[in-house]
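Student: Below: one structure in structure tokens.
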Amino acid sequence: MNQKIINENFLITLLCLFVLGSCMNPIQHGNLLTITTSSGVSQGTLNKNVVTWEDIPYAIPPVGDLRWKAPRALISPESNIQPQDGNGCLQEASIYAGIQGEGIVGQEDCLYLDIKAPVNNSNRMLPVMFWIHGGGNTSGVKDYYDFSELIREHQVMVITINYRLGPMGWFTHPAIQGLQSEIDKASNFGTLDIMEALKWVQTNIQNFGGDPENITIFGESAGGNNVLSLLASPMGNGLFHKAISQSGYTTSFTKEEALGLNQKGAVVNQLGSDLVLSSFDSSGYARIKNLYNQDPHKYAEEYQRYLRSIDGKALLETYEKISKDTYDRLPLLTRDGIVTHINGVSAGLANSREKNNIPVIAGSNKDELSLWLGSNRYFVNTSYPLTKLVPIPKIEFKRKDLYKLWVKTRSQGWKLRGVDEPLMELEKAGYNSLYAYRFDWDDQVSSYFADFPNLIGAAHGFEISFITGDFKFGPIGRYVYPKGELRNQMKETMMQAWASFAKTGIPTTGKNQEWKKFDSQDRVFMKLDSDEYLSLDKEILSLEFITENVRLSPVGTLLEKCLLIQETFFNIGDYFKDEFMKWNQGACKQFDMDFERKKIETDLIEEYGSATVNL
């Protein structure tokens, strides 16, 4: 073979290798990075040394016949992925969840994810951090938080996702589960969405420069709940390698509670699917339900088609109308025995059988409930010293002692039920790399308009800004996140801790303070605070201890104590109804708690025009 033919063949080979390689590796085009994935070709944009690939579909849209079914993998490598507008999942509009508009917004076609990575990452195996947003599993969008600074400063990759919310994500009904098979018989479709997104990441993330063998899931509030749910689920095995639950919880519902009726037909949950559907369209639903009850075999498919034909926005509007102030009682994570253990999340954690014995962090904030309670007119007064033409209210405590009791009690309950108990259940299962924290930073600025350190302090969700480096928080942001050295110290600590954990499985603060492991005997935790107060601490909490402190407190009437105790027994974990009824020798039995709670709200609205202050 002559040299000319050899050279030509060599060039052809190089060209073929280049073309083939382009399907698997990033191609840089100015400020664009083009990546081929299993669900299409995505073009990234470059901004301040961070590349973002947006709106990548990770599953077939769960619409039509796929509503209330497990997500289906989307295989479409030749398609071009286009940026989407308004692809958040169906939910009520809320500026606090990052959803603009009024009423019910979003769409059912919402299973998309974003990827952010440091620039020039193509030849690296970056640790992958997989963010699960909060919002009570009823609100939120993937791009509400911007992790760009964490990505730049600590060379990690961050993925954010949408997942089905509210009754579109968690739904139990005999006409749905009764006709379906295998995984589709589950009730926890939102949880399955998260799992499907993780499967997509494992398949595709190496093309973006990420390490599929080093994935850390992390989430706050409902996101923390989802983290714990994935740890507890047998279906979570192998999908991730580390986990961080920020102010998570373990609340779950029985199938009967999710339906709304027990086996004898008695109402067990106002927002159960059967009761809501009856209110949605009494004539239509009553007709098909009656026919089904007469002949389930004959009318099962028609029943199912009817449910899937209901307009999604109209369905959510009905839930909102019925729930009013009880939307937090909406049945979500359900003990279906498939995705979630039949006895709940805690049982699932205890029976997870050393699921690869992965490292886990769980924590809560010192003043978890302050944002909600500090805006409740039962605890605060407002005035407008600059006149109502300048809509800046001056907020003052009505009864600071009562407020402090509520915040402390509920926050201790959150730490016990959302941090200590889940970690102890994992310890039972054999996990030995467990870490706990309490976020204590409250170096805020008092103002003529409010005593922010005491009013808000280390509130629910306030740690997120120190992980992202983004301190936007509406008009009070400059008071609750004042610029300066203390804020910088806390940001450096949080970013270092989360990034080091994602890289090695061991959290380090970058300060001269070792973060020791958690165990049930000592319950050691890291107090995350500015450098002067950063330290390890121990605290042995129990519901008996917390509720006894309330009983003995000189602060509050018996009704106020009963309301507080009910919230402590009913939130963050499964409802402890029997314990509540037995508390203080049954002293709360004399009250109709729902009536009393509603009366307080009604009285506040009548006196002030609203029950809350808009912070």
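Numbering (this note's numbering), first residue to last: 94 to 708. We put the CB at the ideal spot given by N, CA and C, even for glycine.
1. Between which residues of its own chain and residue 144 is the CB-CB distance below 6 angstroms, once the five residues before and five after are set aside?
2. By the DSSP assignment, the beta strand (DSSP E) with residue 631 in it spans what residues?
3. Less than 8 angstroms between the CB atoms is what I'm expecting for residue 632 and residue 495, so what's the real figure, rounded?
4. For residue 556, name the three-state secondary structure that DSSP assigns.
5. Please work out which residues of its chain come closer than 8 angstroms, Cβ to Cβ, to residue 244, disregarding the five sequence neighbours upstream and downstream, and give them in chain order.
6. Between which two residues does the beta strand (DSSP E) holding residue 304 run?
7. Where do the ends of the beta strand (DSSP E) carrying residue 231 lie?
8. Which of the three DSSP states, helix, strand or coil, is assigned to residue 203?
9. By how many angstroms is the C-alpha of residue 443 removed from the C-alpha of residue 513?
10. Measuring alpha carbon to alpha carbon, tell me which residue in 689, 269 and 146 is nearest residue 130.
11. On a CA-only basis, which of 253, 232, 233 and 394 is nearest residue 240? Give me that one, please.
12. By a C-beta neighbour count over all protein chains shown, 10 Å radius and 16 as the cutoff for buried, is residue 438 buried or exposed?
13. What are the residues that DSSP puts in a beta bridge with residue 135?
14. Beta-carbon within less than 8 angstroms of residue 355's beta-carbon, same chain only, minus the 5 sequence neighbours each way: which residues are those?
15. CB-CB under 8 angstroms to residue 702, same chain, minus the five flanking residues each way: which ones, in chain order?
16. Tell me whether residue 171 sits in a helix, a strand or coil according to DSSP, three-state version.
17. Is it buried or exposed, residue 398, if we count other Cβ atoms within 10 angstroms and call 16 or more buried?
18. What three-state label does DSSP hand residue 119 in the structure shown?
19. Under 8 angstroms, do residue 336 and residue 451 count as touching if we go by C-beta distance?
20. Between the segment 529-549 and the segment 455-468, can you find at least three pairs of beta-carbon atoms closer than 8 angstroms?
21. Taking its Cβ as the centre, do 16 or more other Cβ atoms sit within 10 Å of residue 674, making it buried, or is it exposed?
22. When DSSP builds the beta bridges, which residues end up paired with residue 551?
23. Please determine if the segment 284-292 and the segment 395-414 are in contact, where contact requires at least 3 C-beta pairs separated by less than 8 angstroms.
24. Only counting the same chain, and skipping five residues up and downstream in sequence, which positions put a Cβ closer than 6 angstroms to that of residue 303?
25. Let me confirm a value: residue 592 is counted as buried when at least 16 other C-beta atoms fall within 10 Å, else exposed. Which label applies?
26. Compute the Euclidean distance between the alpha carbons of residue 322 and residue 695, then round it to the nearest angstrom.
27. Measuring alpha carbon to alpha carbon, tell me which residue in 269, 317, 599 and 299 is nearest residue 287.
28. On the premise that residue 422 lies in contact with residue 665, defined as a C-beta separation below 8 angstroms, what is that separation, rounded to the nearest angstrom?
29. Restricting to Cα atoms, I'd like to know which of 594, 661, 203 and 406 is closest to residue 309.
30. Given a cut-off of 8 angstroms, decide if residue 315 and residue 199 are closer than it, judged by their beta-carbon atoms.
31. Assuming contact is defined by CB atoms lying nearer than 8 angstroms, are residue 266 and residue 352 in contact in what I supplied?
32. Pull up the distance between the alpha-carbon of residue 104 and that of residue 247, whole angstroms please.
33. Output the distance between the C-alpha atoms of residue 519 and residue 624, rounded to the nearest integer angstrom.
34. Please state the DSSP three-state secondary structure of residue 153.
35. Using DSSP with H/G/I as helix, E/B as strand and the rest coil, what is residue 611?
36. When DSSP labels each residue in this structure, what does residue 146 get in the three-state scheme?
Tutor: Let me spell this out:
1. If the five residues before and after residue 144 are omitted, its C-beta is found closer than 6 angstroms to the C-beta atoms of 126, 137, 210 and 212, all from its own chain and listed in chain order.
2. 628-631
3. At roughly 23 angstroms, the Cβ-Cβ gap does not stay under 8 angstroms, so residue 632 and residue 495 are not in contact.
4. coil
5. 143, 209, 210, 211, 250 and 251
6. Per DSSP, residue 304 belongs to the beta strand (DSSP E) from 303-313.
7. From DSSP, residue 231 is part of no beta strand (DSSP E); its letter is neither H nor E.
8. coil
9. 13 angstroms
10. Taking only the C-alpha atoms, the option nearest residue 130 is 146.
11. The shortest Cα separation from residue 240 among 253, 232, 233 and 394 belongs to 253.
12. buried
13. 128
14. 349 and 361
15. none
16. coil
17. exposed
18. Any answer about residue 119 is weak, because its pLDDT of 44 lies below 50 and its placement is not dependable; what the coordinates show is given next. In this structure, residue 119 counts as coil in the three-state DSSP scheme.
19. Their beta carbons are under 8 angstroms apart, which means residue 336 touches residue 451 by this criterion.
20. yes
21. exposed
22. Partner(s): none; residue 551 has no beta bridge.
23. no
24. 219, 221 and 250
25. buried
26. Spanning the two alpha carbons is a distance of roughly 36 angstroms.
27. 317
28. Between residue 665 and residue 422, the beta carbon gap of about 14 angstroms keeps them out of contact (Cβ cut-off 8 angstroms).
29. 594
30. no
31. A Cβ-Cβ contact shorter than 8 angstroms links residue 266 with residue 352.
32. Its pLDDT being 37, under 50, residue 104 is placed unreliably by the model, and nothing is read from it.
33. 30 angstroms
34. coil
35. Correct three-state label for residue 611: coil.
36. In this structure, residue 146 counts as strand in the three-state DSSP scheme.
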